[in-house]
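Protein sequences, first through last, are from chains P and L.
Using the working numbering, read the first sequence as starting at 3 and increasing by one per residue.
Using the working numbering, read the second sequence as starting at -11 and increasing by one per residue.
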Amino acid sequence: DQQVKQNSPSLSVQEGRISILNCDYTNSMFDYFLWYKKYPAEGPTFLISISSIKDKNEDGRFTVFLNKSAKHLSLHIVPSQPGDSAVYFCAASVRTGGFKTIFGAGTRLFVKA
Amino acid sequence: DAGVIQSPRHEVTEMGQEVTLRCKPISGHNSLFWYRQTMMRGLELLIYFNNNVPIDDSGMPEDRFSAKMPNASFSTLKIQPSEPRDSAVYFCASSLMEGSGNTIYFGEGSWLTVV
């Protein structure tokens, strides 16, 4: 049962344009959402997060939007740069004795120069 | 500060052999996670610990997999006997559980190939 879904395996964007990565979740108990970036042969690294009590969080070129009613979140990267080419994972956490954190399958972003 | 340290980085083993993956979390973190990355399923949560106690092991695929955390600075993931379908990258991660949420920090992964 995939509780966190990233339905687009890949996305290709021109340098300078906006990249929009989408994520859907099914468990309404999730209260914290995160995006991670992963380069080949490295571990995922934290990018940006958002609490369920907010609908937007911005950090430089990266903005995460949360729509709780639709159980949907998205990551906007603007402007996109070639160095942003990586796999992006969406994750969601629920407090159950610790924070159980579930990841989606990832979306590979290609930013073309 | 040292990040999450995993060993070995790469392991090639024959089917039926025992495999032990090791992890040292970030000092001071109280939660530890084991994930497996495959092409088909992305990052799967296998098990996680809080204060050295296993909280949820529902993601452990079968009885051949076991994980321990004898103290706050060390954890192991063991596969016995290993099978070719266990080939994947295994990530250990740690976090400091706080009120509003947690940020997980990953190690560089252990690349396992079972032939």
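Ideal placement from N, C-alpha and C gives every residue a C-beta, glycine not left out.
On a predicted model such as this, the values are computed, not experimentally measured, just so you know.
Residues near residue i in its chain [Cβ-Cβ closer than 6 Å; skip 5 each side]
i       : result
P:Phe67 : Lys58, Ser76
L:Gly4  : Pro69
L:Ser54 : Lys66
P:Val89 : Lys40, Gly108, Arg110
L:Leu9  : Leu65, Tyr78, Ser98
L:Ile24 : A small fix is needed here, since residue 24 of chain L is Arg in this sequence, not Ile. Cβ neighbours of L:Arg24 beyond the five flanking positions: Glu32, Leu34, Ala76, Tyr78.
Interface flag, residue i vs chain L, CB-CB below 9 Å
i        : result
P:Leu23  : no
P:Gln8   : yes
P:Leu111 : no
P:Thr103 : yes
P:Gly62  : no
P:Thr98  : yes
Helix, strand or coil at residue i according to DSSP, with G and I counted as helix
i       : result
P:Arg63 : coil
L:Pro42 : strand
L:Pro58 : strand
L:Gly30 : strand
P:Asp26 : strand
L:Arg73 : helix
Test: residue i CB closer than 9 Å to a CB of chain P
i         : result
L:Glu32   : yes
L:Gly4    : no
L:Glu96   : yes
L:Ala81   : yes
L:Val(-8) : yes
L:Arg116  : In the structure displayed, chain L extends from -11 to 103; residue 116 of chain L sits before or after that span and is not available.
L:Ser(-5) : no
Residue from the options whose Cα sits closest to the Cα of residue i
i       : options                                    : result
P:Cys25 : P:Ile104, P:Phe112, P:Lys40                : P:Ile104
L:Tyr36 : P:Asp61, P:Phe35, P:Thr98                  : P:Thr98
P:His78 : P:Gly18, P:Val6, P:Lys7                    : P:Gly18
L:Phe21 : L:Asn39, L:Met27, L:Ile67, L:Val7          : L:Asn39
P:Asn29 : P:Asp61, P:Gln4, P:Gln83, P:Tyr41          : P:Gln4
L:Tyr78 : L:Arg29, L:Val41, L:Ala60                  : L:Arg29
P:Gln8  : L:His(-2), L:Leu31, L:Val7                 : L:Leu31
L:Val0  : L:Asp45, L:Lys56, L:Arg73                  : L:Arg73
L:Met57 : L:Cys80, L:Glu50, L:Pro49, L:Gly(-9)       : L:Cys80
P:Ile20 : P:Ser87, P:Pro81, P:Asp86                  : P:Pro81
L:Ser63 : L:Ala(-10), L:His(-2), L:Val41             : L:Val41
P:Ala43 : L:Thr101, L:Ala(-10), L:Arg(-3), L:Gly(-9) : L:Arg(-3)
Own chain, CB closer than 7 Å to residue i, minus 5 neighbours either side, in chain order
i       : result
L:Ser83 : His17, Ser19, Asn90, Thr91, Ile92, Tyr93
L:Ile43 : Tyr36, Phe37
P:Pro11 : Thr109, Arg110
P:Leu49 : Trp37, Tyr38, Lys39, Phe64
L:Glu2  : Val103
L:Arg52 : Ile67, Gln68, Pro69
P:Ile22 : Ser76, His78
Nearest-angstrom beta carbon gap, residue j and residue i [assumed within contact, 8 Å]
i       : j        : result
P:Asp33 : P:Ser95  : 7 Å
P:Phe91 : P:Pro46  : 6 Å
L:Met85 : P:Gly100 : 6 Å
Neighbourhood of residue i by C-beta, 8 Å cutoff - its chain only, sequence neighbours within 5 removed
i         : result
P:Ala93   : Val6, Phe35, Leu36, Trp37, Tyr38, Thr103, Ile104, Phe105, Gly106
L:Ile(-7) : Cys11, Lys12, Gly95
L:Glu6    : Lys66, Ile67, Gln68, Pro69, Ser70
P:Lys73   : Asp26, Tyr27, Thr28, Ser30
P:Lys114  : Ser14, Val15, Gln16, Glu17, Pro84
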